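Chemist: Count along the sequence shown from 1, add 71, and you get the number used in this note's numbering.
C-beta atoms are modelled at their ideal positions from N, C-alpha and C, and glycine is treated no differently.
If you're wondering where the values come from, they're calculated on a predicted model, not measured in any experiment.
First the structure, which I've put down as structure tokens, then a few questions once you've had a look.
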Amino acid sequence: MTQSPSFPPLLAGLAAPPGEVPFLLARDQARGGCDAGLIVHDMEGGALRAAIVFAPEVPLSRAVAMLPLCAVGLQNAIGALSPPEVGMHLDWDGGLRLNGALCGRMRAATSTQDPKEVPDWLVVGFELTVLPANDAPGETPDETSLYGEGCGDVDTLTLLESWVRHTLVWINRWADEGAGPLHREWSGLAWHADKEVRQGELQGKYLGIDEDFGLLMRAEDGTSHLIPMTRLLETDS
72 MTQSPSFPPL
82 LAGLAAPPGE
92 VPFLLARDQA
102 RGGCDAGLIV
112 HDMEGGALRA
122 AIVFAPEVPL
132 SRAVAMLPLC
142 AVGLQNAIGA
152 LSPPEVGMHL
162 DWDGGLRLNG
172 ALCGRMRAAT
182 STQDPKEVPD
192 WLVVGFELTV
202 LPANDAPGET
212 PDETSLYGEG
222 CGDVDTLTLL
232 ESWVRHTLVW
242 INRWADEGAG
252 PLHREWSGLA
262 WHADKEVRQG
272 ELQGKYLGID
282 EDFGLLMRAE
292 DGTSHLIPMT
302 RLLETDS
């Protein structure tokens, strides 16, 4: 029998039924008016999948910070549990990288597209590949897994609980100190530094992020662009 995770007070866990995607289930729960702090999770099938429901009290342009915040929380959790030679970096568009190779992705959904509006709800989730998809990882050098990078001793239940704790720490810092500390932490983990990036039809040099975590880039034709992070959000329909 799978052990249930233990979460801090005011947070509630919900195990996704077989075949259900935690992120989509959390989104449906949010649409139905569930309380903030619901964490939907699935630790089966060679991956760790989880999503948390937020009830923002600030406009979407600021609330979108929960997407990079949850990614930083996951990086901190993996950093605390994995061997020191394992490094996790973050793609601006949600990609999760272990030692340079993709091992998962963050995603987020919300009730509105208007960056000036306070959303009714916001859901942030992730999927992390735990077990290798095949016995010949060399065939997919740009993809990896937690165990494939030497983290075989990392228990998914412990990692889920650790992610929630680290995420709560960052939520409190964000609420008390503003976005500055999170901005610095995320920037230090960005995989794009000194690299080319592509967003839609744009390709060019990564320049950093603005105060609301929007992507700053210089396209190949020399023009500069700011892509709001709200563009990454899956909106209610």
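When DSSP labels each residue in this structure, what does E198 get in the three-state scheme?
Modeler: Here the question's residue 198 lines up with position 127 in the sequence shown. Three-state DSSP puts E198 in a strand.
Chemist: I'd like to confirm something about Q274: is its beta-carbon nearer than 7 Å to some heavy atom of the ligand ATP, or not?
Modeler: Ligands are entirely absent from the displayed structure, and the ligand ATP is therefore not among its contents.
Chemist: Could you pull out every unbroken beta strand (DSSP E) segment of at least 3 residues lying fully inside the stretch 266-292, listed in chain order?
Modeler: Listed in chain order, they are 267-270, 273-280 and 286-290.
Chemist: Residues in its own chain within less than 7 Å of L228 by CB, not counting five upstream and five downstream?
Modeler: As a position in the sequence shown, residue 228 is number 157, starting the count at 1. The answer, listed in chain order, is Q74, P76 and M114.
Chemist: Quick check on DSSP: helix, strand or coil for T181?
Modeler: Indexing the sequence shown from 1 puts residue 181 at position 110. Strand at T181.
Chemist: Leaving out five residues before and five after L152 in sequence, what residues of the same chain have Cβ atoms less than 7 Å from its Cβ?
Modeler: Mapped onto the sequence shown, residue 152 falls at position 81. Answer for L152: V225, T229, L230 and S233, listed in chain order.
Chemist: To the nearest angstrom, how far is the alpha carbon of F310 from that of P89?
Modeler: What the structure shows of the chain is the stretch from 72 to 308, and residue 310 is not part of that stretch, so it cannot be assessed.
Chemist: Distance, Cα to Cα, G171 vs K276?
Modeler: Counting from 1 along the sequence shown, the entry for residue 171 is found at position 100. Counting from 1 along the sequence shown, the entry for residue 276 is found at position 205. Whole-angstrom Cα-Cα distance: 18 Å.
Chemist: Could you check if T238 is buried or exposed, using at least 16 other CB atoms within 10 Å of its CB as the buried criterion?
Modeler: Indexing the sequence shown from 1 puts residue 238 at position 167. The residue in question, T238, is buried, as its Cβ has 16 or more Cβ neighbours within 10 Å.
Chemist: Are the stretch 185-199 and the stretch 265-273 touching by the rule of at least three beta carbon pairs closer than 8 Å?
Modeler: Cβ pair count under 8 Å is below three, so no.
Chemist: Quick one: complete alpha helix (DSSP H) runs, 4+ long, within the stretch 129-174?
Modeler: Counting whole runs of 4 or more residues, the stretch 129-174 contains the alpha helix (DSSP H) stretches 131-134 and 137-152.
Chemist: Starting from R302 and walking both ways along the alpha helix (DSSP H), at which residues does that stretch end?
Modeler: Within the sequence shown, numbered from 1, the residue matching residue 302 stands at position 231. Counting along the chain, R302 falls outside any alpha helix (DSSP H), and DSSP gives it neither H nor E.
Chemist: Report yes if the CB atom of A107 is closer than 8 Å to the CB atom of L96, and no otherwise.
Modeler: As a working note, residue 107 is residue 36 in the sequence shown. As a working note, residue 96 is residue 25 in the sequence shown. Their beta carbons are not under 8 Å apart, which means A107 does not touch L96 by this criterion.
Chemist: Below 7 Å CB to CB, which residues in the same chain sit around M72 once its five sequence neighbours on both sides are set aside?
Modeler: Locating residue 72 in the sequence shown gives position 1, counting from the first residue. In this prediction, M72 scores a pLDDT of 49, lower than 50, which makes its location untrustworthy; the coordinate-derived value is nonetheless stated afterwards. Closer than 7 Å at the Cβ level, and outside the excluded window around M72, lies no residue.
Chemist: Would you mind stating whether T181 and P190 have Cβ atoms separated by less than 8 Å?
Modeler: Along the sequence shown, read from residue 1 onward, the residue named residue 181 stands at position 110. Along the sequence shown, read from residue 1 onward, the residue named residue 190 stands at position 119. Their beta carbons are under 8 Å apart, which means T181 touches P190 by this criterion.
Chemist: Thinking C-beta only, is P127 closer than 8 Å to L193?
Modeler: To locate residue 193, count along the sequence shown from 1; it is residue 122. To locate residue 127, count along the sequence shown from 1; it is residue 56. Yes. Within cutoff.
Chemist: In the DSSP assignment, the alpha helix (DSSP H) including H263 goes from what residue to what residue?
Modeler: In the sequence shown, counting from the first residue as 1, residue 263 sits at position 192. Per DSSP, H263 belongs to no alpha helix (DSSP H) and is neither H nor E.
Chemist: Using a Cβ-Cβ cut-off of 6 Å (strictly less than) and excluding sequence neighbours within five positions of G144, which residues of its own chain qualify?
Modeler: To locate residue 144, count along the sequence shown from 1; it is residue 73. Around G144: W234, H237, T238 and W241.
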